[in-house]
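Student: What the sequence shown shows, in our numbering, is residues 21 to 140, in sequence order. C-beta: ideal position from N, C-alpha, C; glycine also.
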Amino acid sequence: MLATSQDAAWRQPIQLLEYKADLYGYQVVQVEASGTTKECARCGVETAKPIWVREHSCPSCGFETDRDANAAMNILQRGFSELGLGWPEDPPVETALPTNTTQFESMSAKRVVETGSLGA
21 MLATSQDAAW RQPIQLLEYK ADLYGYQVVQ VEASGTTKEC ARCGVETAKP IWVREHSCPS
81 CGFETDRDAN AAMNILQRGF SELGLGWPED PPVETALPTN TTQFESMSAK RVVETGSLGA
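#1: What residue range does the alpha helix (DSSP H) around residue 75 cover?
#2: For residue 81, count neighbouring Cβ atoms within 10 angstroms of its own Cβ and tell me buried if that reaches 16, exposed if not.
#3: Between which residues of its own chain and residue 99 is the CB-CB distance below 6 Å, once the five residues before and five after are set aside?
#4: Reducing DSSP to helix, strand and coil, say where residue 52 ends up.
#5: Could you spell out the range, first to last residue, of the beta strand (DSSP E) harbouring residue 84?
#6: I'd like to confirm the pairing. Which residues does DSSP put opposite residue 59 in its beta bridges?
#7: So, helix, strand or coil for residue 71, using DSSP?
#8: Any chance the CB of residue 99 is under 7 Å from a heavy atom of the ligand HEM?
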């Protein structure tokens, strides 16, 4: 039985994903996503931060990345752990800046106010 209406809202997309994964020989692993934006994907230290802080910066190991990228790496690590798989020393993420940035104005994404959140 689904505990909340939010759980019910995720039921159909998850079933469709599981169907397609099975069709192509893949496995879907559901993991708990809570705390993934606050936990450092590199060292595991949890750092409290308000929702408008969009960058993860670990005071313990110095790892810096986008808050959502950090959460995605933690979710992937949790999935690997559920399957009994290891995790590489450095997460397999590459970042690069666009080559022609002279015509664009620079804006920091560290402090962006998020509106229209699905959870609200």
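Tutor: Walking through what the data contain:
#1: Premise fails: residue 75 lies in the beta strand (DSSP E), 75 to 77, not in any alpha helix (DSSP H).
#2: Counting Cβ neighbours within 10 Å, residue 81 comes out exposed, since fewer than 16 surround it.
#3: The beta carbon of residue 99 is closer than 6 Å to those of 49, 51 in its chain, skipping five residues each way along the sequence.
#4: Looking at residue 52 - three-state DSSP - the assignment turns out to be coil, as it is neither helix nor strand.
#5: Counted as a single uninterrupted DSSP element, the beta strand (DSSP E) harbouring residue 84 occupies residues 84 to 86.
#6: DSSP output for residue 59 lists 66 as bridge partner(s).
#7: In the structure shown, residue 71 sits in coil (DSSP, three-state: anything other than H, G, I, E or B).
#8: This structure does not include the ligand HEM; it has no bound ligands of any sort.
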